[in-house]
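Everything below concerns the one structure shown next.
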Amino acid sequence: MKDLDELRQGIFHGQKRAIARGLTWIEQGRYEGKLLAQQLFSHAGHAHVIGITGAPGVGKSTLVNTLTLHLRNQGFKVGILAVDPSSPFTGGAILGDRIRMQDSVMDTGVFMRSLASRGHLGGLSRATFGALTLLDAAGFDKILIETVGAGQSEVEIMEMAHTTMVVLAPGMGDDIQAIKAGILEIGQVFVVNKADRDGADHTVRSIRSMLALSSEHPDWMPPIIKTVAEDGRGMEEVSQALERHHQYLIEHGLMDRYRWSQTEHVIEQAVSDLGERLIRQARLNSDWAKRVIDVGEGKIDADRVAEQIWHQSVQEE
Amino acid sequence: MIRVLVAKPGLDGHDRGAKVIARALRDAGMEVVYTGLHQTPEQVVDAALSEDVDVLALSILSGAHPTLVPRIMELVRENGMDDLLILLGGIIPEDDVENMLSAGVAKVFGPGTDTNDIVRFIRERVKDE
Ligand SMILES: Nc1nc2c(ncn2[C@@H]2O[C@H](COP(=O)(O)OP(=O)(O)OP(=O)(O)O)[C@@H](O)[C@H]2O)c(=O)[nH]1
Ligand SMILES: [Mg+2]
Chain A
0 MKDLDELRQG IFHGQKRAIA RGLTWIEQGR YEGKLLAQQL FSHAGHAHVI
50 GITGAPGVGK STLVNTLTLH LRNQGFKVGI LAVDPSSPFT GGAILGDRIR
100 MQDSVMDTGV FMRSLASRGH LGGLSRATFG ALTLLDAAGF DKILIETVGA
150 GQSEVEIMEM AHTTMVVLAP GMGDDIQAIK AGILEIGQVF VVNKADRDGA
200 DHTVRSIRSM LALSSEHPDW MPPIIKTVAE DGRGMEEVSQ ALERHHQYLI
250 EHGLMDRYRW SQTEHVIEQA VSDLGERLIR QARLNSDWAK RVIDVGEGKI
300 DADRVAEQIW HQSVQEE
Chain B
1193 MIRVLVAKPG LDGHDRGAKV IARALRDAGM EVVYTGLHQT PEQVVDAALS
1243 EDVDVLALSI LSGAHPTLVP RIMELVRENG MDDLLILLGG IIPEDDVENM
1293 LSAGVAKVFG PGTDTNDIVR FIRERVKDE
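Protein sequence lines, in the order shown, are assigned to chains A and B. Here the first sequence is numbered in this note's numbering, starting from 0 and rising by one per residue. Here the second sequence is numbered in this note's numbering, starting from 1193 and rising by one per residue.
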């Protein structure tokens, strides 16, 4: 596995090409990708992962661009993942978030990658988890991950972030949408972008009254910040809020707890891969058809068959 | 999954053609990264590298292809991106096509190209994993 070794070294040295190729392996869900993500995991756990979600067009990518410039000035290395939906019909996708990020991405301290959701169940969250692990192991201090806050898979992604920032814009009725979609519950920082437009204060008030109703946040009161992502207004407040939340997580032992549950998750994934491998082998076995018939006719329980399959594979090894 | 970067290097301000191509490739089941107008060669190659695309589709209407394309090819080589398939579309005079091909462009698609031909060409040349 010379290739894998080389790639890993390249990633540790922060080489763009190695990082990019590693992400491709992970995204493709290939065996090498799984192996790479596993090997990198113990080198990860240092980055602060920030989720950025909100309705289409509120200015998430523009905000990521301006925030990245700001974070670079503070000396942080910044990794960016932007997830866009794949077409459910053709599997294709147009990934356009990079358009708004051109000012920040040329810097060697910044790496940006567009991901398509690729439809397949659970595949996206696994690919995203692997991608976060890789960028973390590559030494990025802050990892920003942009999603359009809509479906279940986006919520799953936001659960991988230490800090979730919900972005809204005035006059789009998306404060109501956000409340319906349940994304107010997942935010630790709220941003009302396009504050150069009318109605920003109204949006701030409606978020505030919604937050007052929910008792989700016993000791962290989510700040609500007005920004103009296009010219950088409010960005200082945003980066301070993110830093304060990071400190809060550290002081309350939540970063460590998060790392623990991520590690558990890695083990769970490995176990479920093992299960998949077992079932693949069992299907190739000559007694598979008989087993199917027997379970169907009630001659044996499926649980018992599972045990047989497991014992068989242990003996073969 | 085939990944394509549709890029518009140079100063011309029209990206209708590029967007038509992007949509056609998406509809053919490819993942298309689009980076907008006015890209420098450095930005184009940086995006191709980071996004690890199989195909770089350049659209140039400004007539600046004789300088832009060789510079892009130079950066592609510097970064060791040997397996990248490079296509060129837009307004490229007949006399320049040969030069573009010898600079490393795999194929030049003129105005009025059927997008299906582009899809077919990509599918022939890139193995989809
Ligand atoms: N007036 C105003 N426009 C803005 C601001 N921030 C972004 N925009 C514009 O809003 C539009 C959408 O911006 P994006 O950054 O692409 O929004 P997005 O949320 O990433 O969009 P999707 O990724 O498509 O969901 C662009 O035309 C931006 O120029 C702002 O602060 N004020
Ligand atoms: Mg965006």
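Cβ atoms here follow ideal geometry from the backbone N, Cα and C, with glycine treated the same way.
query	result
In angstroms, rounded to a whole number, what distance separates the CA positions of B/P1201 and A/D272?	44 Å
Which residue comes first and which comes last in the beta strand (DSSP E) that contains B/A1298?	Premise fails: B/A1298 is in no beta strand (DSSP E) and is neither H nor E.
For the beta strand (DSSP E) holding A/H47, just list the boundary residues, first then last.	H47 to G53
Tell me which same chain residues have a C-beta within less than 8 Å of the C-beta of A/H47, skipping the five on either side of it?	D140, K141, I142, H161, T162, L241 and H245
Can the beta-carbon of A/R97 be found less than 7 Å from the beta-carbon of A/N64?	no
Verify the contact flag: A/E229, CB atom, against every heavy atom of ligand 1, threshold strictly below 6 Å.	yes
For B/V1198, name the three-state secondary structure that DSSP assigns.	strand
Comparing alpha-carbon positions, which option in A/F189, A/D195 and A/K59 lies nearest A/V203?	A/F189
DSSP on B/L1276, reduced to helix/strand/coil?	coil
Between A/I93 and chain B, is the shortest Cβ-Cβ distance under 7 Å, so that the two count as touching?	yes
May I have the straight-line CA-CA distance separating B/M1292 from B/V1300, to the nearest angstrom?	8 Å
Taking only beta-carbon positions, decide if A/R125 is within less than 7 Å of chain B.	no
Under the rule that 16 or more other beta-carbon atoms within 10 Å means buried, what is B/Y1226, buried or exposed?	buried
Against A/M111, what residues of chain B qualify as contacts under a CB-to-CB distance less than 7 Å, listed in chain order?	S1242
What residues of chain A sit near B/M1222, judged by a beta carbon separation below 9 Å?	T89, G90, G91 and A92
Which residues in chain B sit within 8 Å of A/Q101, going by Cβ to Cβ distance?	T1227, G1228, Q1231 and Q1235
Taking C-beta pairs closer than 8 Å, name the residues in chain A that B/R1218 reaches, listed in chain order.	S86, T89, G91, A92 and I93
Taking a contact to mean a Cβ-Cβ separation below 7 Å, would you say A/V109 touches A/V77 in this structure?	yes
If we count the other Cβ atoms within 10 Å of its Cβ and call it buried at 16 or more, is A/M111 buried or exposed?	buried
Expressed to the nearest angstrom, what Euclidean distance is found between the alpha-carbon atoms of B/V1245 and A/A168?	33 Å
Can you list, in chain order, every residue whose CB sits closer than 5 Å to a heavy atom of ligand 2?	A/K59, A/S60 and A/D96
Could you tell me whether the Cβ atoms of A/R290 and A/V304 are closer together than 7 Å?	yes
In whole angstroms, what separates the C-alpha of A/T67 from that of A/V313?	50 Å
I'd like to know whether the C-beta atoms of A/V166 and A/K59 end up nearer to each other than 7 Å.	yes
Between B/I1194 and the rest of its own chain, which residues show a CB-CB distance below 6 Å, the 5 nearest in sequence each way excluded?	M1222, D1246, V1318 and D1320
Using 8 Å for Cβ pairs, my map puts A/L3 next to A/L34. What's the rounded Cβ distance?	7 Å
Helix or strand or just coil, what does DSSP make of B/V1224?	strand
I want to verify the contact list: residues of chain A whose CB lies under 9 Å from the CB of B/G1272, in sequence order.	R16
Name the residue from B/L1267, B/V1311 and B/P1303 whose alpha carbon lies nearest to the alpha carbon of A/G91.	B/V1311
What is the DSSP secondary structure of A/V109, reduced to helix, strand or coil?	strand
Nearest CA to the CA of A/Y30: which residue from A/E275, A/Q8, A/Y247 and A/V154?	A/E275
For my contact list, B/G1281 and B/S1251 are in at a C-beta cut-off of 8 Å; report their separation, rounded to the angstrom.	5 Å
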